[in-house]
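Novice: Take a look at this one; I'll ask things after.
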Amino acid sequence: MDKKEYLKQHRLLNRIIEIDLEELKRIRELSVSVSSIAFDRDYVQTTRNTRAPFEKWLDKINILEIKIANEVNLFMDLKLQILETIEPLESIDEKLVLNYRYVKGLEWDEICSLLFASERTVYRWHGNALAKLKLPENPINIKSCQLMAVDGSEWQ
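Written as structure tokens, this is what we have:
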């Protein structure tokens with residue numbers, strides 16, 4: 388994994404958490420809705436289902452909440468590790484560029500206006516910072532972490 392990939396993981400994991408939170412909201416809405424009976428098809432039930440219809444949604448909510456909690460823990464660990472990786476840089480401008488770009492997720496024009504610098508200067512600071520940046524001995528790699536899929540199974 389190169390330095391940029393390592394730093395970009397923070398934004399990627401943040402987006403994954405946002406998507407899961409949107410899904411959790413959708414599932415919660417489904418859990419309180421009343422399902423209708425389909426009169427247009429014949430339905431023969433050989434075994435009686437004793438579970439209430441909303442129970443499956445509650446199970447999915449529980450699994451998704453656990454998944455999100457694991458992702459948030461990984462997100463915080465990754466953020467701390469990235470901040471610790473950026474800290475040894477000597478130039479405050481280089482630190483700020485990496486922090487704004489990869490931790491705060493700002494676009495280049497926003498960074499330029501915050502630092503009162505031209506786009507060319509910000510790109511130069513970014514390049515210098517990446518050249519000087521040293522990855523930690525054991526960098527967190529979200530692709531190799533076992534995160535739980537929505538159905539409760541593991542995915543990589």
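The opening residue of the sequence shown carries number 388 in this note's numbering; numbering runs sequentially from there. Just so it is clear, CB atoms sit at the ideal spot from N, CA and C, and this is done for glycine as well.
Alpha helix (DSSP H) containing E405: first to last residue?
Specialist: That run of the alpha helix (DSSP H) goes 390 to 418.
Novice: Check whether the segment 503 to 518 and the segment 407 to 422 touch, using three or more Cβ-Cβ pairs below 8 Å as the test.
Specialist: Segments in contact, no.
Novice: Can you give the Cα-Cα distance for V459 and N486, rounded to whole angstroms?
Specialist: Going by the C-alpha atoms only, they are around 19 Å apart.
Novice: May I have the straight-line CA-CA distance separating I453 from K482, to the nearest angstrom?
Specialist: Each residue's Cα considered, the two are about 34 Å apart.
Novice: Out of P475, W444, K443, G492, state which residue places its alpha-carbon closest to the alpha-carbon of K521.
Specialist: Comparing Cα positions, the closest option is P475.
Novice: Among K391, K530, L400, whose alpha-carbon lies nearest the alpha-carbon of M463?
Specialist: Here the closest residue by C-alpha is L400.
Novice: Taking the C-alpha atoms as reference points, what is the distance between L467 and A439?
Specialist: Spanning the two alpha carbons is a distance of roughly 43 Å.
Novice: Here's a check: name, in chain order, each residue in its chain whose Cβ is nearer than 6 Å to the Cβ of D407, leaving out the five neighbours to either side.
Specialist: Contacts found: I455.
Novice: Expressed to the nearest angstrom, what Euclidean distance is found between the alpha-carbon atoms of K443 and E409?
Specialist: Going from the Cα of K443 to the Cα of E409 covers about 18 Å.
Novice: Measure the alpha-carbon distance for C499 versus K491 and round it to whole angstroms.
Specialist: Straight-line Cα distance between these residues: approximately 14 Å.
Novice: Hey, how far is the Cα of D446 from the Cα of N457?
Specialist: Taking the straight line joining both Cα atoms gives about 17 Å.
Novice: Considering only residues of the same chain and omitting the five flanking positions on each side of D480, which have a CB-CB separation below 8 Å?
Specialist: Correct list, in chain order: L502, A504, W512.
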